[in-house]
Amino acid sequence: MALLEIENLTVTFDTASGPLRAVDGISLSIDKGEILAIVGESGSGKSVSMLAVMGLLPWTATVTADRMAFEGRDILNLSPTERRRIIGKDIAMIFQEPIASLNPCFTVGFQIEEALKQHMGLDGAARRKRAIALFEAVGIPDPEERLSHFPHQMSGGQCQRVMIAMAISCEPKLLIADEPTTALDVTIQKQILDLLMNLQSEQGMGMIMITHNMGVVAETADRVVVQYKGKKMEEADVLSLFETPQHAYTRALLSALPENATGDRLPTVSDFSIEGDPYQGAKTEGARA
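The following block contains the structure:
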């Protein structure tokens, strides 16, 4: 049984100009201990798909799916109380902008201990001990002192580590990492990726890595889902995807890597004749389901 199974997920937003379909029939699954990368340019529906799983989309969004199951249990139709027992504990998410995701009015220690109180039922002393251990695990120096800091008193890299500590605090079975290295310098990016890979290996979590960085995909993923304009273009194991990409959009992504440049300019999507219906290439070129 897959850890997470999604079949025909659709997300539509009500806007002033009419309905906007951000995710259009996405299907995917992930097993325990596996790393699945979801890759595509900004606006392709990667984050929205996973926010739908987390139940964190605004009221203007309509979410439908033929199936959305975690360990075989339907999570789309859970009551809010039942969903809260799973989200944050068994399924956790590292958000794209850590400073914006942390509450500026509370210390980082209070915020991580709140998660431990909610999902683990630990008393005050046990929560603090666990929080210190988590900060140490993610490489935050002087963890006891840092617990009393507010988000604005910490660097971007430190706030990202706080977010990771919060996400793994209840030992989730599935961790969703949404662009976890965005806005960080290259050195910190490498540290964060290494940290996530080590934690994933140690705890045996399934991990969904949302990214537009094909280099990150090559370094981290077992399988890859390629999205474009809300649709799944291709799915393959990471080696097959890089060696024999089947869809024109996937080839465009790979060709846009600087190391693959062959002329004075990098190619664009229009160079691969996939304007208009983004799914046309998959229909005509036999993209992997």
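Reading the sequence shown from the start, the letters are residues 1 to 289 in the UniProt record's numbering. Note that beta-carbon positions come from the ideal geometry of N, C-alpha and C, so glycine has one too.
- Message: What would DSSP say about P19, mapped onto helix, strand or coil?
- Response: strand
- Pull up the distance between the alpha-carbon of E113 and that of R67, whole angstroms please. 33 Å
- Item | Minimum C-alpha distance to residue 305 - residue among R21, E71, I132, S101 | Look at the range of the chain in this structure, 1 to 289, and you will see that residue 305 is not part of it.
- Query: Taking the beta strand (DSSP E) that D237 falls in, what are its first and last residues?
  - Reply: Bounds of the beta strand (DSSP E) holding D237 are 231-237.
- Entirely within the segment 35-85 and at least 3 residues each: give me those beta strand (DSSP E) ranges in chain order. 35-39, 61-64, 67-70
- Message: Let me check you understand the geometry: is the CB of F135 closer than 6 Å to at least one non-hydrogen atom of the ligand MG?
- Response: This structure simply doesn't include the ligand MG, nor any ligand for that matter.
- Query: Where does M106 sit, in a helix, a strand or coil, going by DSSP?
  - Reply: The question names Met, yet the displayed sequence has Phe at residue 106. Three-state DSSP puts F106 in coil, outside helix and strand.
- Item | Three-state class that DSSP yields for A125 in the structure shown | DSSP places A125 within a helical segment (H, G or I) once states are collapsed to three.
- Message: By the DSSP assignment, the beta strand (DSSP E) with T211 in it spans what residues?
- Response: Its beta strand (DSSP E) spans residues 206-211.
- Query: Quick one, are the C-beta atoms of A2 and S29 less than 7 Å apart?
  - Reply: yes
- Query: Between which two residues does the beta strand (DSSP E) containing residue 307 stretch?
  - Reply: Because the chain here runs from 1 to 289, residue 307 falls outside it and cannot be looked at.
- Message: I need the straight-line Cα distance from M197 to R73, nearest angstrom please.
- Response: Their Cα atoms are separated by approximately 27 Å.
- Task: Flag this pair as yes or no: are the beta carbons of A115 and S169 separated by less than 7 Å?
- Result: yes
- Skipping 5 residues on each side, what residues in its chain have a beta carbon closer than 8 Å to that of residue 307? Residue 307 lies beyond the range of the chain shown here (1 to 289); nothing can be said about it.
- Message: Can you look up F135 in the DSSP assignment and give me helix, strand or coil?
- Response: helix
- Which residues mark the beginning and the end of the beta strand (DSSP E) in which A92 is found? 91-94
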